[in-house]
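Residue numbers (this note's numbering), protein chains in the order written: chain A, 10 to 226; chain B, 10 to 226. Where is the CB? At the ideal position from N, CA and C, for every residue including glycine.
Protein chains: 2
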Amino acid sequence: MPRIPADERRAALVHAALRVVAERGVAATTTRAIVAEAGMSLASFHYAFTGRDELMVELINTVVEQEERTLAPAMTSTTRPVSMRDAIRAGLAEFFSGVQRDPQREKAMFELTQYAMRTPGMEMLARRQYRRYYDLAASALEAASEMSEQDWTLPIDDVATVLVALTDGLTIAWLVNRDDAAAGAIMDFAADAVARLAADGRTGSLHPVPLERTSPS
Amino acid sequence: MPRIPADERRAALVHAALRVVAERGVAATTTRAIVAEAGMSLASFHYAFTGRDELMVELINTVVEQEERTLAPAMTSTTRPVSMRDAIRAGLAEFFSGVQRDPQREKAMFELTQYAMRTPGMEMLARRQYRRYYDLAASALEAASEMSEQDWTLPIDDVATVLVALTDGLTIAWLVNRDDAAAGAIMDFAADAVARLAADGRTGSLHPVPLERTSPS
DNA sequence: GTCTATAATGAGATAGAC
DNA sequence: GTCTATCTCATTATAGAC
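Structure below.
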């Protein structure tokens, strides 16, 4: 077999692992399944990685970067002014069509989050994963603000938190039920509701629908 | 060792399994871990169940019934008229305090859903689980409608779908980040947004904020 | 019915030849 | 560097004594 640089081998194994996770789930992603998918010997695995945990860490990092590259282009597509609601609805549709295109991959993302949450020493990986989601959502919301010429009436990070929660709920619902109409209803609701957190840029601090804070009981 | 009826033994093993899933995750829920938790021998397990899969099926069914008993009482607590927004906000707070009280259990629910989705022949268990969630949400929304004397402006099942998506997103966000303030912001948003799907009962068909359907592209 | 003992399988990891 | 062969361990499941 050809002599392959360690970096390439690591990358090949990580990508093979991602395919296995998507197709069969984290539980079935054994070192043997990974090397079979990559067409390598078991020993090559342990030459490239000290162990399975090291690969899983790199897998999660890789997968988050990929998510970034997949979603980032979708946000800056339109530049002409549109309503805030339509801008958000279009972004959600774009995201959701990605979920429909590769449901297994989306399932894998949730599984990897939970794997990280359950594995001692990897909790921060789950948080970093969501930190990236929030950043991506904030960028998308910033773009929507420019397109619609409206400003957010509360900190954009708060809106991003809400948007990610909505996309998580949307994705789980569709993965479980595969109900396109229900997913559409959730997206319609989300676009309407989130758009209401913005106000005309010119009016400045005018809050048409201020978000009341409920004091903790 | 005492002679225990098969039904009791099955129930004891299921409850032990639930504790193991909550504490250590589905992946660590081996037959050995279960019988150790239940204080039984390994052979007793295979006397009560034909195998691990049979127990997992019963575990998921049990856990969904429990969720029903835990959440149902919280919905009918208040009877005096309140605003729709406050009724929903209070229900969310009640749900969320349950998540805070036992985060591991909530993590377990997500893991069990994904386990069912990944296991051939168990996909319907995940759907049944969510079917119950939707029914529970619809009951809560019905109660909120009576309390606030407002009617839903779209089918209650659609509102229930949205509400479950929101609670899923809320729960995941908090499980990952443990950020109480962020969770509060999501709940405030959810209560405002969902309440806007209702209108005064007396005005009947008046839709203050009709939910536009976006036609599929 | 319940136990101990033990198959049978598959996992992660390593030794050592080439 | 890469391979085959093997070690060690944990798993599910069963056999057979009591």
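Q) Looking only at DSSP bridge pairs, what is residue 207 (chain B) linked to? A) Taking the first residue of the second sequence as 1, we reach residue 207 (chain B) at position 198. According to DSSP, which records beta bridges pairwise, residue 207 (chain B) is partnered with B:161.
Q. Using the C-alpha atoms, what's the distance from residue 157 (chain A) back to residue 113 (chain B)?
A. Walking along the second sequence from the start, residue 113 (chain B) turns up at place 104. Walking along the first sequence from the start, residue 157 (chain A) turns up at place 148. If I take the Cα positions, the gap works out to 42 Å.
Q. Shorter than 8 Å from the beta carbon of residue 119 (chain A) to some beta carbon of chain B?
A. On the first sequence, position 110 is the one that residue 119 (chain A) refers to. Yes, because at least one Cβ of chain B sits closer than 8 Å to the Cβ of residue 119 (chain A).
(Q) My output table needs one value for residue 69 (chain B): the three-state DSSP class, helix, strand or coil. (A) One-based indexing of the second sequence puts residue 69 (chain B) at position 60. Assigned with DSSP and collapsed to three states, residue 69 (chain B) falls in helix.
Q) Any Cβ of chain A within less than 8 Å of the Cβ of residue 173 (chain B)? A) Taking the second sequence and counting its residues from 1, the one referred to as residue 173 (chain B) is at position 164. Output row for residue 173 (chain B): interface = yes.
Q: Pick out whichever of A:138, A:22, A:29 and A:31 has its Cα sitting closest to the Cα of residue 55 (chain A).
A: Counting from 1 along the first sequence, the entry for residue 55 (chain A) is found at position 46. Comparing C-alpha distances from residue 55 (chain A) to each of A:138, A:22, A:29 and A:31 shows the shortest one belongs to A:22.
Q. Checking contacts by CB at 8 Å: is residue 65 (chain B) closer than that to chain A?
A. Here residue 65 (chain B) refers to the residue found at position 56 of the second sequence. Contact of residue 65 (chain B) with chain A is not assigned, every C-beta pair being separated by 8 Å or more.
(Q) Out of A:175, A:29, A:145 and A:189, which one is the CA nearest neighbour of residue 73 (chain A)? (A) On the first sequence, residue 73 (chain A) is found 64 positions in, with the first residue counted as 1. Ranking A:175, A:29, A:145 and A:189 by Cα distance to residue 73 (chain A) puts A:145 first.
Q: May I have the straight-line CA-CA distance separating residue 29 (chain A) from residue 138 (chain A), to the nearest angstrom?
A: Here the question's residue 29 (chain A) lines up with position 20 in the first sequence. Here the question's residue 138 (chain A) lines up with position 129 in the first sequence. Annotation: residue 29 (chain A) to residue 138 (chain A) spans about 20 Å, alpha carbon to alpha carbon.
**Q.** Where the alpha helix (DSSP H) through residue 48 (chain B) begins and ends
**A.** Here residue 48 (chain B) is taken as the residue at index 39 of the second sequence, counted from 1. Unbroken run through residue 48 (chain B): none, as it is neither H nor E.
Q. Out of curiosity, what's the CA-to-CA distance linking residue 167 (chain A) and residue 13 (chain A)?
A. To locate residue 167 (chain A), count along the first sequence from 1; it is residue 158. To locate residue 13 (chain A), count along the first sequence from 1; it is residue 4. When the Cα atoms are used, residue 167 (chain A) and residue 13 (chain A) turn out to be separated by approximately 46 Å.
Q | C-beta neighbour in chain B for residue 70 (chain A), strict 8 Å | A | The sequence position of residue 70 (chain A) within the first sequence is 61, counting from 1. Not one chain B Cβ lies under 8 Å of residue 70 (chain A).
(Q) Just to confirm before moving on: does the CB-CB distance between residue 174 (chain B) and residue 207 (chain A) stay below 8 Å? (A) Reading the second sequence from its first residue, position 165 is the one you call residue 174 (chain B). Reading the first sequence from its first residue, position 198 is the one you call residue 207 (chain A). Cβ atoms of residue 174 (chain B) and residue 207 (chain A): not closer than 8 Å.
**Q.** Endpoints, alpha helix (DSSP H) assigned at residue 20 (chain B)
**A.** To locate residue 20 (chain B), count along the second sequence from 1; it is residue 11. DSSP places residue 20 (chain B) in the uninterrupted alpha helix (DSSP H) bounded by 15-33.
(Q) So with CB distances below 7 Å, who are the chain B contacts of residue 181 (chain A)? (A) In the first sequence, residue 181 (chain A) corresponds to position 172, counting from 1. Simply 177.
Q.
According to DSSP, simplified to helix, strand and coil, what is residue 89 (chain A)?
A. On the first sequence, position 80 is the one that residue 89 (chain A) refers to. Here residue 89 (chain A) sits in coil by DSSP.
Q: Please list, in chain order, all residues of the same chain as residue 185 (chain A) whose beta carbon is under 7 Å from its beta carbon, the five residues on each side excluded.
A: Walking along the first sequence from the start, residue 185 (chain A) turns up at place 176. For residue 185 (chain A), there are no CB contacts under 7 Å within the same chain when 5 residues up- and downstream are skipped.
Q) How should residue 172 (chain B) be labelled, buried or exposed, when 16 other C-beta atoms within 10 angstroms of its C-beta is the threshold for buried? A) Start at 1 with the first residue of the second sequence, and residue 172 (chain B) comes out as number 163. By the 10 Å Cβ count, residue 172 (chain B) comes out buried.
Q) Taking the C-alpha atoms as reference points, what is the distance between residue 136 (chain B) and residue 127 (chain A)? A) In the second sequence, residue 136 (chain B) corresponds to position 127, counting from 1. In the first sequence, residue 127 (chain A) corresponds to position 118, counting from 1. Between residue 136 (chain B) and residue 127 (chain A), the C-alpha separation is close to 24 Å.
Q. Of the residues B:58, B:37 and B:33, which one's Cα is nearest the Cα of residue 17 (chain B)?
A. In the second sequence, residue 17 (chain B) corresponds to position 8, counting from 1. Residue 17 (chain B) has its Cα closest to that of B:58, out of B:58, B:37 and B:33.
**Q.** Rounded C-alpha distance that separates residue 42 (chain B) from residue 98 (chain B)
**A.** The residue you call residue 42 (chain B) lines up with position 33 of the second sequence. The residue you call residue 98 (chain B) lines up with position 89 of the second sequence. In a straight line, the C-alpha of residue 42 (chain B) is about 40 Å away from that of residue 98 (chain B).
**Q.** Beta carbon proximity, residue 136 (chain B) to chain A, threshold 8 Å
**A.** Within the second sequence, residue 136 (chain B) is the residue found at index 127, counting from 1. For residue 136 (chain B), the closest Cβ of chain A is nearer than 8 Å.
Q: Report yes if the C-beta distance between residue 104 (chain B) and residue 134 (chain B) is below 8 Å; otherwise report no.
A: As a first step, residue 104 (chain B) is located in the second sequence; it is residue number 95 there, counting from the start. As a first step, residue 134 (chain B) is located in the second sequence; it is residue number 125 there, counting from the start. Result no, Cβ atoms of residue 104 (chain B) and residue 134 (chain B) do not sit closer than 8 Å.
Q: Specify, as a first and last residue, the run of the alpha helix (DSSP H) that residue 117 (chain B) falls within.
A: In the second sequence, counting from the first residue as 1, residue 117 (chain B) sits at position 108. Under the DSSP assignment, residue 117 (chain B) falls in the alpha helix (DSSP H) whose first and last residues are 112-127.
**Q.** Of the listed residues B:102, B:108 and B:115, nearest to residue 194 (chain B) (C-alpha basis)
**A.** Along the second sequence, read from residue 1 onward, the residue named residue 194 (chain B) stands at position 185. Closest option to residue 194 (chain B), Cα to Cα, is B:102.
Q) How big is the Cα-Cα spacing for residue 213 (chain A) and residue 108 (chain A)? A) If you number the first sequence from 1, residue 213 (chain A) lands on position 204. If you number the first sequence from 1, residue 108 (chain A) lands on position 99. In this prediction, residue 213 (chain A) has a pLDDT of 44, which is less than 50 and means its spatial position is unreliable; what the coordinates show is noted afterwards. Distance between the alpha carbons of residue 213 (chain A) and residue 108 (chain A): 36 Å.
Q) Are any of the Cβ atoms in chain A nearer than 8 Å to that of residue 195 (chain B)? A) Position 186 of the second sequence, counted from the first residue, corresponds to residue 195 (chain B). It does; some Cβ of chain A falls within 8 Å.
Q | Neighbourhood of residue 216 (chain B) by C-beta, 7 Å cutoff - its chain only, sequence neighbours within 5 removed | A | Taking the first residue of the second sequence as position 1, residue 216 (chain B) is located at position 207. The pLDDT assigned to residue 216 (chain B) is 44, lower than 50, so where the model puts this residue is not dependable, and the model offers no usable value.
(Q) Alpha carbons only, please: which of A:31, A:20, A:203 and A:26 is nearest the one belonging to residue 110 (chain A)? (A) Taking the first residue of the first sequence as 1, we reach residue 110 (chain A) at position 101. Considering only A:31, A:20, A:203 and A:26, the residue with the shortest C-alpha distance to residue 110 (chain A) is A:31.
Q: Out of A:130, A:191 and A:26, state which residue places its alpha-carbon closest to the alpha-carbon of residue 44 (chain A).
A: Here residue 44 (chain A) refers to the residue found at position 35 when the first sequence is read from its first residue. With distances taken between Cα atoms, residue 44 (chain A) lies closest to A:26.
**Q.** Interface flag, residue 75 (chain B) vs chain A, CB-CB below 8 Å
**A.** One-based indexing of the second sequence puts residue 75 (chain B) at position 66. No, because no Cβ of chain A sits closer than 8 Å to the Cβ of residue 75 (chain B).
Q: Establish whether the CB of residue 91 (chain B) and some CB of chain A are separated by less than 8 Å.
A: Taking the second sequence and counting its residues from 1, the one referred to as residue 91 (chain B) is at position 82. Not closer than 8 Å to any Cβ of chain A, the Cβ of residue 91 (chain B) fails to qualify, so no.
Q: Please confirm if residue 107 (chain A) has its CB atom under 8 Å from at least one CB of chain B.
A: For this step, residue 107 (chain A) is matched to residue 98 along the first sequence. Closer than 8 Å: no.
Q. How would you call residue 205 (chain A), buried or exposed, if buried means at least 16 neighbouring beta carbons within 10 angstroms?
A. Here the question's residue 205 (chain A) lines up with position 196 in the first sequence. So residue 205 (chain A) ends up on the buried side.
**Q.** Pick from A:191, A:90, A:117 and A:60 that is closest to residue 36 (chain A), judged by C-alpha positions
**A.** The residue you call residue 36 (chain A) lines up with position 27 of the first sequence. Comparing Cα positions, the closest option is A:117.
Q | Within chain B, partners of residue 26 (chain A) - CB distance below 8 Å | A | Within the first sequence, the letter at position 17 stands for residue 26 (chain A). Under a criterion of Cβ atoms nearer than 8 Å, no residue of chain B is adjacent to residue 26 (chain A); the nearest Cβ is some 16 Å distant.
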